[in-house]
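Trainee: Numbering (this note's numbering), first residue to last: 107 to 534. Glycine residues also receive a C-beta, built at the ideal position from the N, C-alpha and C atoms.
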Amino acid sequence: MNSLSPFDTISKTAAATTKRTLLIVDDEDGPRQSLRVVFKDDYNLLIASDGNTAMEMVKQSKVDAVVSDIKMSGMSGVDLLGHLKAIDPYIEVILLTAYETADTLRQALRLGACNYLNKPFEIADIRGAVAGAMERRAFSEQIDRNSQQLHELQNELQNQKMLEEITRSRGEIYASIIHDINGPLTVISGFIQLMNQRIGSATRLEGEDLENIKDRQKTITRQVTNCINISRRYLSFLRQQTDSNAAVGVNQILADLIELITAHPCVHDNQFQIHPLPEDIVVRINGTDLIQILLNLMVNAFQCTSQSHRVELRCMVHSEPLELSGFLDGPHDQLTNRENFQNVPPLLALAVTDNGPGIPAGVLPNIFNAYFTTKGHAQGTGLGLNIVRRLVKEAQGAIHVHTKVDEGTTFTLFLPTVRDSGEPAPSI
Ligand SMILES: Nc1ncnc2c1ncn2[C@@H]1O[C@H](COP(=O)(O)OP(=O)(O)OP(=O)(O)O)[C@@H](O)[C@H]1O
Ligand SMILES: [Mg+2]
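1) Let's test the definition: count the other Cβ atoms within 10 Å of the Cβ of S436 and tell me whether it reaches 16, buried, or not, exposed.
2) Along the chain, where does the beta strand (DSSP E) that runs through T516 open and close?
3) Could you give the DSSP three-state label for K165: helix, strand or coil?
4) Using a Cβ-Cβ cut-off of 8 Å (strictly less than) and excluding sequence neighbours within five positions of H508, which residues of its own chain qualify?
5) In whole angstroms, what is the alpha-carbon distance linking A122 and Q248?
6) Identify which residue in D231, E241, L441 has its Cα closest to the Cα of L201.
7) Just to confirm, are R126 and D185 a CB contact at a threshold of 8 Å?
8) Helix, strand or coil, according to DSSP, for R126 in the structure here?
9) Who are the near neighbours of A208 in its chain, counting only those whose CB is closer than 6 Å to its CB and skipping five residues on each side?
10) For G464, verify whether its CB is less than 7 Å away from any heavy atom of ligand 2.
11) Does ligand 1 have even one heavy atom less than 7 Å from the beta-carbon of K481?
12) Just the Cα atoms here: how many angstroms apart are E429 and R444?
13) Which of the three DSSP states is assigned to C410 in this structure?
14) Relative to ligand 2, is the shortest distance from any of its heavy atoms to the C-beta of N406 smaller than 7 Å?
15) Pick out the complete beta strand (DSSP E) segments inside the segment 452-516, 3 residues or longer, and give them in chain order.
16) Return helix, strand or coil for M107, following the three-state DSSP convention.
17) Taking C-alpha atoms, which residue in N475, I493, L141 lies nearest to F227?
18) Identify the continuous alpha helix (DSSP H) that holds L215 and give its terminal residues.
19) DSSP three-state label for I287, please.
20) Would you decide whether A484 is buried or exposed? Buried here means 16 or more other CB atoms lie within 10 Å of its CB.
21) Comparing C-alpha positions only, which one of E365, G490, F245 sits nearest to I326?
Rendered as structure tokens:
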């Protein structure tokens with residue numbers, strides 16, 4: 107019955123390359139040959155005597171439409187239809203039926219057969235069915251091409267948008283470098299003044315004086331390193347790189363912060379207290395970034411009024427996820443980075459509280475915007491909280507602001523921690 111080699115291809119002429127390809131599948135030689143005669147001049151023909159061979163052919167060359175018998179030994183035409191659609195979803199399949207039940211036909215249509223003809227069929231009918239299948243195929247190819255072009259266009263627009271975003275943020279980033287480096291520079295200049303006072307007109311330095319100078323020298327070196335790290339951080343922003351493995355012990359950062367704040371001119375005659383954790387915890391953020399965030403929040407807290415006031419920094423570990431629905435934005439509260447916050451315990455909360463004038467409800471929605479300041483442009487650039495928000499977002503943390511006019515403000519920073527032993531961090 108089967109006199110064909112598995113890949114019995116009708117030879118192609120040069121002209122045939124522009125023709126569409128039709129695959130005929132039947133396990134009987136008679137119908138195969140008659141279909142061959144009908145279609146040999148119109149299409150590039152492939153002929154298979156069983157389902158597996160047909161599948162191989164469709165895998166190896168582009169086939170536009172298939173005419174297949176339903177009832178074949180081995181794989182049925184309906185099963186073949188399912189396999190062919192899995193290889194090429196746009197392939198058009200016409201099934202030839204003899205005495206199939208309505209159920210089989212329904213299944214064939216459900217699997218995406220484009221047509222079926224009862225045997226014996228009129229030549230005009232099979233020609234019409236194949237021509238229709240080829241038209242459908244051309245149409246789906248056109249749709250496919252259009253959607254690919256649309257996709258390319260979307261990508262292009264997306265890239266363009268990203269480029270614009272990068273150019274826009276470049277300006278902000280340069281301004282941020284100046285803003286952030288200003289902090290360590292203020293500390294450096296404060297320490298140099300203190301050193302100059304100590305040195306005075308001394309010709310030789312010994313004992314306590316020498317030790318004191320050495321200590322301050324170390325602080326200056328650390329601040330210079332901070333400046334370098336800040337510039338590196340912003341350069342990596344420009345290159346769109348982030349360090350996903352960054353981590354730091356919070357108590358070391360708090361010790362550095364105490365040193366920085368002590369030498370900072372914004373303290374004046376205000377009181378401040380920084381409470382470290384009874385047991386250190388590692389947070390998932392770069393150390394320089396955490397110092398920048400806390401320094402910005404502390405400096406704002408000191409600068410909120412010229413009256414003498416108190417600023418405090420407290421830490422707390424949450425061993426449960428935060429109930430975010432309880433953090434409603436309103437005239438006294440705002441939660442930032444709600445969408446990207448990695449709310450997985452243990453979480454570290456760092457709260458900077460002042461008993462200053464508070465933030466009026468009309469001002470609160472703007473405080474994280476770049477260049478927003480109520481201090482006058484000689485005093486503030488309005489970049490501090492914008493930088494804080496960007497760094498917190500990078501660390502997948504969140505910031506909550508709670509404020510009341512005449513009572514004061516608390517900025518609480520929530521950060522994911524690193525669990526090295528799998529044990530939750532101790533709660534206090
Ligand atoms: N603790 C606070 N109490 C009252 N208002 C605050 C407090 N923190 C921030 N603000 C308000 O938010 C605004 C924006 O703060 P941000 O740190 O972004 O800029 P800035 O402090 O004005 O300027 P810069 O930080 O660039 O020196 C401040 O001008 C102030 O109005
Ligand atoms: Mg500020």
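Mentor: Here's the rundown:
1) Position 330 of the sequence shown holds residue 436. This sequence places Gly at residue 436; Ser is not what is there. Its Cβ having fewer than 16 others within 10 Å, G436 is exposed.
2) In the sequence shown, the residue the question calls residue 516 occupies position 410. That run of the beta strand (DSSP E) goes 514-522.
3) Locating residue 165 in the sequence shown gives position 59, where the first residue counts as 1. In the structure shown, K165 sits in a helix (DSSP, three-state: H, G or I).
4) Taking the sequence shown and counting its residues from 1, the one referred to as residue 508 is at position 402. Only H438, D439, T515, T516, T518 meet the Cβ criterion.
5) Translated into positions along the sequence shown, residue 122 becomes position 16. Translated into positions along the sequence shown, residue 248 becomes position 142. Low per-residue confidence applies at A122: pLDDT is 42, beneath 50, and the placement is therefore not dependable, though the value from the model is reported in the following sentence. About 21 Å.
6) On the sequence shown, position 95 is the one that residue 201 refers to. Of the listed residues, the one whose Cα sits closest to L201 is D231.
7) In the sequence shown, counting from the first residue as 1, residue 126 sits at position 20. In the sequence shown, counting from the first residue as 1, residue 185 sits at position 79. Not in contact: R126 and D185 (Cβ atoms no closer than 8 Å).
8) The residue labelled residue 126 in the question sits at position 20 within the sequence shown. In the structure shown, R126 sits in coil (DSSP, three-state: anything other than H, G, I, E or B).
9) For the purposes of this step, residue 208 is taken as residue 102 along the sequence shown, with counting starting at 1. Cβ within range, chain order: n/a, list empty.
10) Position 358 of the sequence shown, counting from 1, holds the residue named residue 464. Checking the Cβ of G464 against ligand 2 gives no.
11) Mapped onto the sequence shown, residue 481 falls at position 375. At least one heavy atom of ligand 1 is nearer than 7 Å to the Cβ of K481, so yes.
12) Here residue 429 corresponds to residue number 323 of the sequence shown, with the count starting at 1. Here residue 444 corresponds to residue number 338 of the sequence shown, with the count starting at 1. In a straight line, the C-alpha of E429 is about 11 Å away from that of R444.
13) Within the sequence shown, residue 410 is the residue found at index 304, counting from 1. Coil.
14) Looking up residue 406 in the sequence shown gives position 300. Within the cutoff, so yes.
15) 453-460, 504-510
16) Taking the first residue of the sequence shown as 1, we reach residue 107 at position 1. Residue placement at M107 cannot be trusted, given a pLDDT of 39 that sits under 50; what the coordinates show is reported in the next sentence. Here M107 sits in coil by DSSP.
17) Numbered from 1 along the sequence shown, position 121 holds the residue referred to as residue 227. Checked all of N475, I493, L141; the closest Cα to F227 is L141.
18) Here residue 215 refers to the residue found at position 109 of the sequence shown. Residues 208-216.
19) For the purposes of this step, residue 287 is identified with residue 181 of the sequence shown, where counting begins at 1. In this structure, I287 counts as helix in the three-state DSSP scheme.
20) Start at 1 with the first residue of the sequence shown, and residue 484 comes out as number 378. Exposed, since its Cβ has fewer than 16 Cβ neighbours within 10 Å.
21) If you number the sequence shown from 1, residue 326 lands on position 220. Of the candidates E365, G490, F245, the one whose C-alpha sits nearest the C-alpha of I326 is E365.
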